[in-house]
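**Q** If you count by UniProt numbering, then the sequence shown holds residues 1 to 227, one letter each, in order.
Take a look at the following structure, please.
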Amino acid sequence: MSVIELGSGPGFVMEKVMQAFPNGRVTGLEIDPLLVDYSRNYLTQKHSDRFEIVAGSIMETGLPSDSYDFAITRLVLEHLPDPVGAVREVARLLKPGGRAVFIDNDFEMHIMTTPHVPELRELYDAYCAARYAEGGNPKIGRELPTVLKQGGLGKIDFEVIGAHSELLGYEMFLKSEGVGIPVQLVRDGYLSSKALGKLSVAWRNMLNTEGHSILRQLYMAVGEKSV
Ligand SMILES: C[S@@+](CC[C@H](N)C(=O)[O-])C[C@H]1O[C@@H](n2cnc3c(N)ncnc32)[C@H](O)[C@@H]1O
Numbered sequence: 001m002s003v004i005e006l007g008s009g010p011g012f013v014m015e016k017v018m019q020a021f022p023n024g025r026v027t028g029l030e031i032d033p034l035l036v037d038y039s040r041n042y043l044t045q046k047h048s049d050r051f052e053i054v055a056g057s058i059m060e061t062g063l064p065s066d067s068y069d070f071a072i073t074r075l076v077l078e079h080l081p082d083p084v085g086a087v088r089e090v091a092r093l094l095k096p097g098g099r100a101v102f103i104d105n106d107f108e109m110h111i112m113t114t115p116h117v118p119e120l121r122e123l124y125d126a127y128c129a130a131r132y133a134e135g136g137n138p139k140i141g142r143e144l145p146t147v148l149k150q151g152g153l154g155k156i157d158f159e160v161i162g163a164h165s166e167l168l169g170y171e172m173f174l175k176s177e178g179v180g181i182p183v184q185l186v187r188d189g190y191l192s193s194k195a196l197g198k199l200s201v202a203w204r205n206m207l208n209t210e211g212h213s214i215l216r217q218l219y220m221a222v223g224e225k226s227v
């Protein structure tokens, strides 16, 4: 398998791909120079000769056509003003018969908790406003099958993936739902510090309630390049 991850960030997904395909080569493409350096260092320590990181944009990768069996693009399309253009470029990179999977959020249906934390809605509305202002689409999850079709892929399939704390434990939720993004939203004027304070208290109360749980959804679509 020759695999590419577009918007590979710190390289954690690439690492999992290399574990899943012990004989495969993996290419990561990343636009942020800091993350290009970070992922190169991180992966060199573990998988010295089975990967490469290319600096560039998913919109125009400069990589050769018809080169990859499988492409992964996770949590990237939601940030882009032209997601269909990005899918078109990923499709160009695939070999005929190759498949591409795209995984994104939809902030209408994001974290859901027991007991319910209504304050999360205010946080997600603030997050959506910030992403829309940048030209992204934080509710792209529901649109993925259409975006893939418009980008030229066929044989499309779609799943909503649920991660549940009862089955997976809490650690990953607490890691991924840190205070970094909420604090930035307060700094940028999308969320009041009062709302963030209320949310912090409600979140802590939820975690202290017996029988509490967290559900997080992700939206995943796969498509194939025609032969
Ligand atoms: C939320 S992170 C996801 C990282 C990784 N895919 C993962 O799932 O762990 C989004 C990544 O996409 C990168 N990115 C954003 N726009 C991009 C573009 N036009 N081309 C390539 N990468 C881009 C960001 O720099 C960031 O590393």
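Beta carbons are placed, not taken as given, at the ideal position from N, Cα and C, and that holds for glycine.
Please read all numbers here as calculations on a predicted model, not as lab measurements.
Assuming contact is defined by CB atoms lying nearer than 8 angstroms, are ALA71 and GLU119 in contact in what I supplied?
**A** Indexing the sequence shown from 1 puts residue 71 at position 71. Indexing the sequence shown from 1 puts residue 119 at position 119. For ALA71 and GLU119, no; Cβs fall outside 8 angstroms.
**Q** Counting only runs that start and end within the UniProt domain "Methyltransferase type 11" (5 to 102), where is the beta strand (DSSP E) found for 3 or more residues in a row?
**A** 25 to 30, 51 to 55 and 68 to 74, all fully within the UniProt domain "Methyltransferase type 11" (5 to 102).
**Q** Hey, would you say the C-beta of HIS79 is under 7 angstroms away from at least one heavy atom of ligand 1?
**A** Here residue 79 refers to the residue found at position 79 of the sequence shown. Yes; taking the cut-off as 7 angstroms, the Cβ of HIS79 has a heavy atom of ligand 1 nearer than that.
**Q** Short of 7 angstroms in beta carbon distance, which residues of its chain neighbour PRO145, apart from the five on each side in sequence? Order them along the chain.
**A** Indexing the sequence shown from 1 puts residue 145 at position 145. ILE156, PHE158 and ALA221, listed in sequence order.
**Q** Please tell me whether VAL87 and GLY151 are closer than 8 angstroms, where the distance is taken between their beta carbons.
**A** In the sequence shown, counting from the first residue as 1, residue 87 sits at position 87. In the sequence shown, counting from the first residue as 1, residue 151 sits at position 151. Yes, the Cβ-Cβ distance between VAL87 and GLY151 is below 8 angstroms.
**Q** When the Cα atoms are used, what is the spatial distance from ALA130 to GLU89?
**A** Here residue 130 refers to the residue found at position 130 of the sequence shown. Here residue 89 refers to the residue found at position 89 of the sequence shown. Their Cα atoms are separated by approximately 26 angstroms.
**Q** According to DSSP, is ASP188 part of a helix, a strand, or is it coil?
**A** As a position in the sequence shown, residue 188 is number 188, starting the count at 1. The answer is coil: DSSP assigns ASP188 none of H, G, I, E or B.
**Q** Buried or exposed for PRO138, please, with buried defined as at least 16 other CB atoms from any protein chain shown within 10 angstroms of its CB.
**A** Here residue 138 corresponds to residue number 138 of the sequence shown, with the count starting at 1. By the neighbour-count rule (16 or more Cβ atoms within 10 Å), PRO138 is buried.
**Q** For the beta strand (DSSP E) containing ARG216, name the first residue and the last one.
**A** Residue mapping note: residue 216 aligns to position 216 of the sequence shown, counting from 1. Unbroken beta strand (DSSP E) run through ARG216: 213 to 224.
**Q** Hey, could you find the ends of the alpha helix (DSSP H) ASP125 is sitting in?
**A** Your numbering for residue 125 matches position 125 in the sequence shown. Where ASP125 is concerned, the enclosing alpha helix (DSSP H) stretches over 119 to 133.
**Q** Using only CA atoms, which one of GLY11, MET206 and ILE31 lies nearest to PHE51?
**A** Translated into positions along the sequence shown, residue 51 becomes position 51. With distances taken between Cα atoms, PHE51 lies closest to GLY11.
**Q** Where do the N-terminal and C-terminal ends of the beta strand (DSSP E) with TYR155 fall, by residue?
**A** Within the sequence shown, numbered from 1, the residue matching residue 155 stands at position 155. The residue asked about is misnamed: residue 155 is Lys in this sequence, not Tyr. Segment 154 to 164, the beta strand (DSSP E) holding LYS155.
**Q** Among the residues of its own chain, which have a CB less than 8 angstroms from the CB of GLY154, if the five just before and after it don't count?
**A** As a working note, residue 154 is residue 154 in the sequence shown. Answer for GLY154: GLY223, GLU224, LYS225 and SER226, listed in chain order.
**Q** Could you pull out every residue in the same chain whose Cβ sits closer than 6 angstroms to the Cβ of VAL186, ignoring the five residues on either side in sequence?
**A** Taking the first residue of the sequence shown as position 1, residue 186 is located at position 186. Correct list, in chain order: SER193 and LEU196.
**Q** Under 7 angstroms from any heavy atom of ligand 1, does the C-beta of GLU177 make it?
**A** For the purposes of this step, residue 177 is taken as the residue at position 177 of the sequence shown. Result no, Cβ not under 7 angstroms from ligand 1.
**Q** Using a Cβ-Cβ cutoff of less than 6 angstroms, which residues in the same chain neighbour VAL36 once the five nearest sequence positions on both sides are dropped?
**A** Along the sequence shown, one-based indexing puts residue 36 at 36. GLU30, ILE53 and ALA55, listed in sequence order.
**Q** Rounding to the nearest angstrom, what Cα-Cα distance links TRP203 and ASP188 in this structure?
**A** Stepping through the sequence shown from its first residue, residue 203 is reached at position 203. Stepping through the sequence shown from its first residue, residue 188 is reached at position 188. One C-alpha to the other measures close to 22 angstroms.
**Q** So the alpha helix (DSSP H) THR146 belongs to, where does it begin and stop?
**A** Taking the first residue of the sequence shown as position 1, residue 146 is located at position 146. Looking at the DSSP string, the run of the alpha helix (DSSP H) that includes THR146 is 144 to 150.
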